[in-house]
Structure formats: C-alpha cells, structure tokens
Amino acid sequence: MSARTLPLIATIVIFLLAYLVCYLQFPAMLSTRVIGNLLTDNAYLGIVAVGMTIVILSGGIDLSVGSVIAFAGVFIAVMLRDTGLHPVAVFAALLAITTAFGAAMGGLIHVLAMPPFIVTLAGMFLARGAGYMLSVDSVPIDEPFYDFLKDAYYLMPGKGRLTLIGIVMLLSVAAGMVIAHRTRFGTSVFALGGGVQTARLMGVNVGRTTVLIYAFSGFMAGLSGIVFSIYTASSYPLAMVGTELNAIAAVVIGGTILTGGAGYVFGTLIGVLTMGLIQTYIVFDGSLSSWWTKIVIGMLLLLFILLQKGLLRLDIRRRAGAA
Amino acid sequence: MLLTIRSLTKTFPGTLALDAVDFDLAAGEAHALLGENGAGKSTLIKCLTGAYARDSGNLHLDGAPISPASTLEAQELGIGTVYQEVNLLPNLTVAENLTFGRQPVRFGMIGQRAMRRQAEELLSGYGLDVDVRRDLGSYSVAVQQIVAIARAVALSGKVLILDEPTASLDARETEMLFDVMRKLRDRGLGVVFISHFLDQVYEIADRVTVLRNGKRIVTEETAGLDRLRLIEHMLGRELEAQTAEGAQQPAEPADPSARELHFEGIGRRGKIEPFDLSVGRGEVVGLAGLLGSGRTETAEVLFGVHPAQVGTARAPEGALDLSSPRAAIAAGFGFAPEDRKTDGIVADLSVRENIALALQARRGWSRPLPRAEQNRLADEYIRRLDIRTSDAEKAVGDLSGGNQQKVVLARWLAMNPRFLILDEPTRGIDVGAHAEILRLIEEVTRRDGMSVLVISSELEELVAVADRVIVVRDRSHVAEFTGADIAPDRIMRAIAAPDVAAPDEEAA
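The listed protein sequences derive, respectively, from chains U and H. If you read the first sequence in the UniProt record's numbering, its first letter stands for residue 1, the second for the next number, and so on. If you read the second sequence in the UniProt record's numbering, its first letter stands for residue 1, the second for the next number, and so on.
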C-alpha cells in the first residue's frame with residue numbers, strides 16, 4: 001500500500017465505519033431513500049468540490065466558488081424573471097460567464113505570479129458584489145421547467161429517489177476522475193502540484209494549464225449554482241457563504257493532500273458523502289444541535305491533516321532507512 | 001566532434017563567469033568537467049542548455065551551429081540534462097514521468113497499458129527492476145536518477161549532461177549509475193559528467209576538462225593525467241615556485257596548553273568523520289581540501305548547522321553546547337558561510353541593519369539595540385573594513401561582492417566572537433578586497449586574540465594567513481602542518497593522497 005492510496009483507503013474506511021455506526025443506531029439509515037437524499041442534498045457541494053479537487057491537486061486554492069454559486073443563483077433568477085429566456089439558454093450563458101471568470105483568475109495567477117489565495121480572494125468579493133448588483137433581495141424562481149427538473153428522478157429499489165441533480169453530481173465526479181487521472185491535462189495538474197519548476201522543466205505549459213484549472217473550477221462552480229438553484233428554487237445573494245471552505249474540507253477529508261500533487265477525485269465524493277452523513281445522523285437523532293456537524297467535520301479534518309503528516313514522516317523515515 | 005564550444009563568454013554584473021571557454025565532446029565519450037566552486041562549471045552547462053543566454057561564442061552540435069534559448073529547446077536539439085536534484089516528479093508514477101508530454105492518447109484519454117509498455121521499453125537496457133506503475137518517489141535516489149537519465153536520453157539522445165549525479169549516492173548505487181553511463185557511451189552518446197569526486201572521474205571519464213575562475217585550464221586524456229597534476233590544475237598552483245615562499249612563514253611554536261578551544265571526537269555520520277581539533281587564542285587555523293571533501297561540513301558541525309552526533313567541545317570555562325547555530329553563537333562562535341548571497345547577507349536590509357543583525361539576535365527581541373549604538377557600530381566597521389558604500393543605509397544587495405563579504409565579516413566582528421569560522425572568505429571578490437580581508441584576519445587575531453578557522457581552496461591564501469593548516473580528504477581530517485611545513489606543495493600532496501603518498505607529512 002503506497003502513501004498515495006492510503007489516505008483514500010482511510011477515507012473509505014472511515015465512511016463505511018461511520019455508516020455502520022449510524023446503521024447500528026438507526027437501522028432505517030441503510031435504505032436507498034437515505035442514500036438518494038444524501039446524493040441530492042449534497043449535489044451542489046459534490047460538484048463544486050470536484051472543481052476544487054483539481055485546483056488543490058495543482059497546488060492551488062479557489063476561494064471564489066461560494067460567491068460564484070450565489071452569483072449563479074441570482075443571475076439565473078433575475079434572468080428568468082426579467083428576460084423570458086429559456087432556462088437552458090440562461091444556464092449556457094451562466095456557465096460561459098463563470099468559466100471565463102475562472103479562466104481570468106487563472107490568467108492573473110500565472111501572469112502576475114500571484115498566490116492563488118489572494119487572486120481568488122479578490123474573485124470571491126467580486127462575485128459576491130456582482131450578485132448584489134443584480135439583486136439585493138431573495139428572488140424566487142417560478143418556472144415550470146424548474147419544477148420538471150426538480151421532480152425528475154429515477155426510482156431506485158426501496159423507493160429511494162435518485163434525482164436528476166444527484167445524477168449530475170455523480171456524472172461530474174466521473175468526469176473529474178477521467179480528467180484528473182486519465183488525460184494529459186490531468187497529468188499536468190499533478191505535475192504542477194509536484195513542483196512548478198520541475199513541471200516547467202518537464203515541458204508543462206504552465207500558463208495554459210493554470211488557466212484551464214481555474215476555468216474548470218469556475219465551470220464547476222457555475223454548474224453547482226444551477227444545481228443549487230434547482231434544489232432551492234430560489235436565489236439569495238448572501239447564500240453559500242463559506243461553501244468554498246466546505247468544499248476544501250471535503251477535498252481534504254477525501255484524502256487529497258492540501259499542498260497538491262496527490263489525491264483522488266473519487267475520494268472527494270466520499271468526503272462529501274461523509275460530511276452529508278454526519279448531517280443526516282444529526283437529523284435522525286433529532287436532539288443534537290446542528291453545530292455538531294461542524295465539530296465532527298473539524299475533528300475529521302484534523303485527523304486527516306495528522307494522517308497526511310504522519311504518512312509523510314513515515315515515508316521519509318522509510319526512505320532514510322532504505323538509503 | 002559531436003559538440004564543440006568555441007570561446008564561450010558569459011558575464012554577470014561584476015564578474016566574468018566564463019572567459020572564452022573552449023570545450024569539445026566526442027560521440028561515445030565520457031567527459032568529466034572539473035573545477036572548484038565558482039570555476040564556471042554550472043555556468044557553462046547552463047549556457048549550453050539555454051538556461052542562460054551567452055554573451056558571445058559559438059556552439060556547434062553535429063557540425064551545425066545551435067543557439068538554444070531554453071532547456072526545452074536544447075532538449076529538442078539533442079542535449080539532455082540531469083541535475084543533482086532529480087528533476088522529475090516524485091508524486092507521479094515512473095511511467096508518467098518517463099512518458100510525460102508524449103503519453104499515448106486515444107480519444108483524449110491516456111492509454112494506461114500503452115503508456116506502461118512505452119515506459120517499460122524506455123527503461124529496458126538500464127538494468128532496473130522497477131514497477132513503472134508505482135510512484136517515482138517510492139524508489140531510491142539512484143533509481144530516480146537513472147529514470148531521469150532514461151527520460152533525458154529518450155528525449156534528446158545525443159548529448160547527456162550529468163550535473164553531480166553521484167552526490168547523494170552510495171558506492172553500490174554509484175556503480176549502478178556508472179554501468180548505465182558506460183552503456184550509453186558505448187551507444188554513441190556524448191556524456192558530460194560533473195563531479196568533484198576524483199576517484200569517480202578516473203573510473204568513468206575518458207577525458208577531463210578543468211575550469212578555474214571561468215577559464216578553461218586544460219583538457220586531457222584521463223589515463224595519462226597524474227592525480228597531483230589534476231589537483232594543481234584545479235587549485236591553480238605550480239609546485240616548483242612554491243617551496244621558497246612557504247619557508248617565509250614565521251614558525252609559531254604550537255603550544256597545546258595555551259589552546260583555548262578543544263574539540264574531541266566531533267563528527268556526524270555522512271558529513272564528517274570524528275576529528276580532534278584544538279584552537280589557541282589568536283590562532284588562525286586553515287582548512288584545506290577539495291570541494292566536497294568535508295571542509296564546509298567541518299565548519300557546519302562546529303557551528304551547529306548540522307550538529308555533531310558524537311564528541312565534545314570544551315572551553316576553559318567548561319563544556320560548550322554546539323547543538324544549534326543559536327547555541328554556538330551563545331558560546332561565542334561566528335560563522336561566515338561560503339555562499340553569502342543565500343546564507344550570509346540579507347540583501348534588502350541596509351549595511352547598518354546587516355551589521356547589527358547578529359548582535360541583535362544575541363540580545364533578544366526584547367532589548368533592541370539603540371539606534372545610536374547601531375550607527376556607531378556601522379560607522380566603525382565601514383571605516384575599519386573600508387567598506388565602499390555611499391552611506392550606512394544603502395541596501396547590502398547593491399554593494400559589490402567584496403563589500404558584501406566585508407559586511408558579513410563586520411557582522412561577526414561586531415559580536416566580538418572568540419572563534420570565527422570563515423568559509424571561503426575571499427571567494428568571488430577582487431584582488432584588492434582580497435588582500436584587505438587577509439589583513440583584517442591578521443588584525444583581529446593578533447590584536448583582539450580572536451581565534452579563526454579559515455576554509456579556502458586557494459592554497460596561497462592559507463599559506464599567507466594560517467598558523468596551522470589541516471587537510472581534509474574524503475570526509476576526514478588526514479594531515480596537519482605547522483610552521484615551516486605549511487607549503488602549498490605539501491598541502492597539495494596531502495590532498496592528492498592516497499595515490500601520491502607522502503607519509504612523512506601525515507603527522508597529524
């Protein structure tokens with residue numbers, strides 16, 4: 001078992017153990033209904049976390065995604081209210097905007113050689129401000145097509161609903177897995193995470209790759225915004241504050257190393273589901289404060305950071321022993 | 001000739017890094033490039049691989065003029081480089097590293113099996129037994145080096161440049177690497193090999209080129225080159241003229257009882273074998289040896305940069321703690337490292353601030369050094385050391401190399417240490433400043449009774465300044481000379497041993 005796969009395996013084991021604990025206490029939790037809800041409720045987070053995984057694998061960070069999701073919701077609601085365009089056209093326009101927004105941040109990061117933290121922090125405020133400019137208030141979405149999207153589902157055995165947005169999330173994860181692990185672009189992302197200088201020496205087009213990475217994250221944030229607006233059927237410019245941090249937490253709990261260069265997109269899905277599972281447990285329990293979610297997530301994060309550090313140490317010691 | 005370089009010149013602000021250097025590389029040849037630090041080896045390589053733009057000179061590869069503007073372009077022309085720090089990605093698999101940029105793709109997706117096959121093909125013939133699907137980082141440095149070589153050869157295939165490839169390998173791994181080098185040479189590649197391990201040069205290289213101070217000194221067949229001659233070329237010394245000068249040194253009787261600092265059995269695994277050293281008040285001890293022989297390592301162990309694992313240090317008042325630079329400074333030690341640009345000065349701070357730095361560090365942050373005191377110190381040392389600066393507030397980075405070195409010296413002198421270690425104090429500075437620094441060393445030892453350890457590859461410098469010279473070879477202290485015995489030819493013989501044995505001088 002290599003240091004590369006261990007965090008992923010740890011993630012999966014922790015998820016299964018957590019599920020087992022939940023099941024022992026509330027047998028009803030092992031049903032396709034709960035699983036279907038888990039996917040639906042966390043669809044927006046899963047989608048944006050896939051983009052975040054690619055960014056973090058490259059050694060970067062994207063703090064703008066929460067604001068971009070909020071902007072997306074407001075943009076869709078306002079466009080549907082004021083223009084009469086078909087939702088699909090609005091979605092296409094939105095994805096073009098958020099992708100271009102991400103690409104611009106990637107370009108700035110590369111050209112100015114600025115830390116992604118600062119550039120995407122600026123992006124975070126910009127997107128939040130842009131959402132406010134469109135509307136200060138919550139805008140409901142009243143659109144028959146939306147009802148269709150919201151109610152589209154596949155009925156799993158056991159009456160569980162695999163909703164459309166849950167499927168979109170699973171497809172996003174699958175797409176992210178292919179892109180990260182099976183394409184030249186993905187290898188370049190890992191190369192950047194391993195070391196920019198070395199990557200450049202090996203022939204990575206650093207500028208192009210950086211732009212594509214943040215464009216991908218912007219696209220995923222836009223898609224997440226669409227899914228979230230379907231999920232809530234409304235929009236609010238102040239929504240989703242801190243979602244970027246939830247996404248980062250999901251990526252890290254999913255076993256991706258925060259400094260980049262190692263991790264799996266599939267792990268991020270497990271990370272998202274683990275976080276969702278904690279929430280579901282609290283709902284089932286009924287008496288626990290929802291703040292316990294935060295506490296458990298905090299502890300899980302700490303655990304994974306310690307695990308990564310420990311693995312690194314072990315790796316160094318093993319190599320020193322071999323030398 | 002596969003590769004010819006004619007009158008290659010490269011200047012950096014203030015220094016002539018390469019001075020009309022000629023270099024030839026034949027196909028099927030392993031050519032060693034030798035020289036001390038600052039001789040111009042890496043500058044030559046960087047000009048050749050396009051990492052630096054040369055000022056003038058011609059490069060020809062296979063008879064055609066080339067002018068690579070980047071390492072990638074050089075790679076495409078056929079010149080591949082493997083640096084000491086492996087320039088591959090440990091977080092990718094061996095196969096990904098080998099095929100990077102040329103992965104077999106079908107419908108936009110990398111064919112895993114095809115990539116694996118391609119990687120295994122590339123590695124065949126290198127005698128490696130590795131699973132290409134595993135992370136590169138899970139293999140030893142030697143394997144990583146060979147994978148890097150395999151990649152460079154696959155991409156370039158004409159000239160292979162190896163920059164100190166054996167620096168972090170053990171004997172068995174080095175042998176493995178040499179086998180690979182021999183195979184590649186026999187396949188008709190030209191291999192340029194930079195190393196400072198002379199044994200390895202004699203083992204693998206067909207020809208040797210020696211650089212010194214940016215000039216090509218000599219290119220010779222290794223087989224016909226005497227080891228002592230080679231070291232002469234590297235250190236720049238004609239033996240004949242020397243004996244007389246050495247005798248001029250005042251023979252100072254070394255009285256061990258008067259010695260102030262005693263180091264017994266100090267050493268660190270992989271850095272320097274345990275050694276004994278006693279230093280007297282006001283004594284200047286010289287440390288001679290080739291680059292990588294253990295001279296800088298000695299200084300680093302004494303100053304706690306890499307603390308000693310065994311041994312004790314004693315002063316008249318008792319045992320000394322040298323477990324960290326901080327502890328060493330508290331014990332009254334000072335260390336001016338060799339590479340002042342990265343280790344010595346803080347380029348953006350002013351002359352005054354740089355001089356006050358160490359003193360302030362010793363006082364602690366809660367007791368700031370008064371500004372008036374700082375000014376007084378700065379003015380005093382600018383005057384005493386003749387630091388050429390418009391005023392004390394000028395950023396050190398704007399000064400010339402010699403003046404930067406003086407600022408580093410001033411910093412330690414301001415501490416008034418009892419034991420000052422100077423690693424190559426005159427490296428890269430002009431002749432005038434050179435003499436001044438030597439004069440200064442003499443002044444602080446004679447007048448203030450400071451003890452100084454000087455590390456230098458310039459033997460004249462050691463002969464001129466040191467009361468005692470210790471020779472380091474293969475990471476251990478092998479010889480010691482005092483008084484009239486301090487002569488460049490004797491030192492050089494001791495450095496060159498074992499081939500050129502001079503047993504009567506090994507009276508350490």
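The beta carbon of each residue, even a glycine, is placed where N, CA and C say it ideally should be. Note that the coordinates shown come from a computational prediction; the quantities given were computed from them, not determined experimentally.
Extent of the continuous beta strand (DSSP E) to which residue i belongs
i	result
Val-279(H)	272-280
His-306(H)	Premise fails: His-306(H) is in no beta strand (DSSP E) and is neither H nor E.
residue 324(U)	Beyond the ends of chain U as shown, which are 1 and 323, falls residue 324(U); an answer cannot be given.
Leu-186(U)	A small fix is needed here, since residue 186(U) is Gly in this sequence, not Leu. Gly-186(U) -> not in any beta strand (DSSP E); alpha helix (DSSP H) instead, spanning 184-194.
Pro-65(H)	64-66
Glu-221(H)	215-221
Leu-16(H)	15-25
Leu-211(H)	207-212
Ala-247(U)	Not the beta strand (DSSP E): Ala-247(U) falls in the alpha helix (DSSP H), residues 243-253.
Per DSSP, the bridge partner or partners of residue i
i	result
Val-452(H)	Val-284(H) and Leu-420(H)
residue 326(U)	A question about residue 326(U) goes unanswered here, because the residues of chain U that appear run from 1 up to 323.
His-477(H)	Val-472(H)
Asp-163(H)	Ile-194(H)
Asn-354(H)	Per DSSP, none; premise fails for Asn-354(H).
Ser-56(H)	Thr-9(H)
Leu-261(H)	Val-279(H)
Leu-48(H)	DSSP output for Leu-48(H) lists no bridge partner at all.
Ile-79(H)	Val-159(H)
Residue i: first and last residue of the uninterrupted alpha helix (DSSP H) it sits in
i	result
Ser-217(U)	206-232
Gly-401(H)	401-415
Val-136(U)	Segment: none, Val-136(U) is in no alpha helix (DSSP H) and carries neither H nor E.
Ala-327(H)	325-330
Gly-334(H)	Counting along the chain, Gly-334(H) falls outside any alpha helix (DSSP H), though it belongs to the beta strand (DSSP E) covering 333-336.
Arg-227(H)	227-235
Span separating the alpha-carbon of residue i from that of residue j
i	j	result
Arg-447(H)	Leu-422(H)	18 Å
Ala-299(H)	Gly-286(H)	11 Å
Tyr-236(U)	Asp-151(U)	22 Å
Leu-302(U)	His-306(H)	32 Å
Glu-380(H)	Val-351(H)	12 Å
Thr-74(U)	Thr-71(H)	Before going further, note that residue 74(U) is Val rather than Thr in the sequence given. Each residue's alpha carbon lies about 49 Å from the other.
Glu-436(H)	Gln-374(H)	24 Å
Gly-271(U)	Gly-254(U)	4 Å
Ala-254(H)	Thr-15(H)	Summary for Ala-254(H): the model assigns pLDDT 46, below 50, so the residue's position carries little reliability; its value from the coordinates is reported in the next sentence. Distance between the alpha carbons of Ala-254(H) and Thr-15(H) is about 40 Å.
Gly-246(H)	Leu-302(H)	Only weak support is given to the placement of Gly-246(H): the predicted model assigns it a pLDDT of 39, under 50, and the value that follows is read from those uncertain coordinates. C-alpha separation (whole angstroms): 28 Å.
Gly-108(H)	Gly-207(U)	20 Å
Val-50(U)	Lys-215(H)	56 Å
Tyr-153(U)	Gly-160(U)	9 Å
Assigned secondary structure, residue i (DSSP; H/G/I helix, E/B strand, else coil)
i	result
Gly-203(U)	coil
Gly-35(H)	coil
Tyr-154(U)	strand
Ser-140(H)	coil
Asp-285(U)	helix
Met-109(H)	strand
Gly-246(H)	Bear in mind that a pLDDT of 39 at Gly-246(H), under 50, signals an unreliable position, so the number given afterwards is only what the model happens to contain. Helix at Gly-246(H).
Lys-159(U)	coil
Glu-461(H)	helix
Gly-101(H)	coil
Leu-89(H)	coil
Pro-488(H)	helix
Arg-268(H)	strand
Thr-174(H)	helix
Ala-70(U)	helix
Arg-384(H)	helix
Leu-80(U)	helix
Asp-129(H)	coil
Leu-302(U)	helix
Leu-63(U)	coil
> Can at least three beta-carbon pairs, one atom from the stretch 300-307 of chain U and one from the stretch 172-181 of chain H, be found at a separation below 8 Å?
Replying inline: The way I'd put it, the stretch 300-307 of chain U doesn't touch the stretch 172-181 of chain H; fewer than three beta-carbon pairs between them come closer than 8 Å.
- Item | Contact the stretch 405-423 of chain H vs the stretch 436-452 of chain H: 3+ CB pairs below 8 Å | Yes, the stretch 405-423 of chain H touches the stretch 436-452 of chain H.
Next on the checklist: Would the stretch 309-325 of chain H count as touching the stretch 259-273 of chain H if we require 3 or more Cβ pairs under 8 Å?
Outcome noted: Flag = yes, the stretch 309-325 of chain H and the stretch 259-273 of chain H touch.
query = Quick one: any contact between the stretch 29-38 of chain H and the stretch 85-103 of chain H, if contact means 3 or more CB pairs under 8 Å?
reply = Remark: fewer than three beta-carbon pairs, one from each stretch, lie closer than 8 Å, so the stretch 29-38 of chain H and the stretch 85-103 of chain H are not flagged as touching.
Count the C-beta pairs between the stretch 242-262 of chain U and the stretch 183-195 of chain U that are closer than 8 Å, then say yes if the count reaches three, no if not. Three or more beta-carbon pairs drawn from the stretch 242-262 of chain U and the stretch 183-195 of chain U are found closer than 8 Å, and the two stretches are therefore classed as touching.
With three or more C-beta pairs closer than 8 Å as the rule, is the stretch 46-65 of chain U touching the stretch 210-218 of chain U?
Output reads yes: the stretch 46-65 of chain U touches the stretch 210-218 of chain U.
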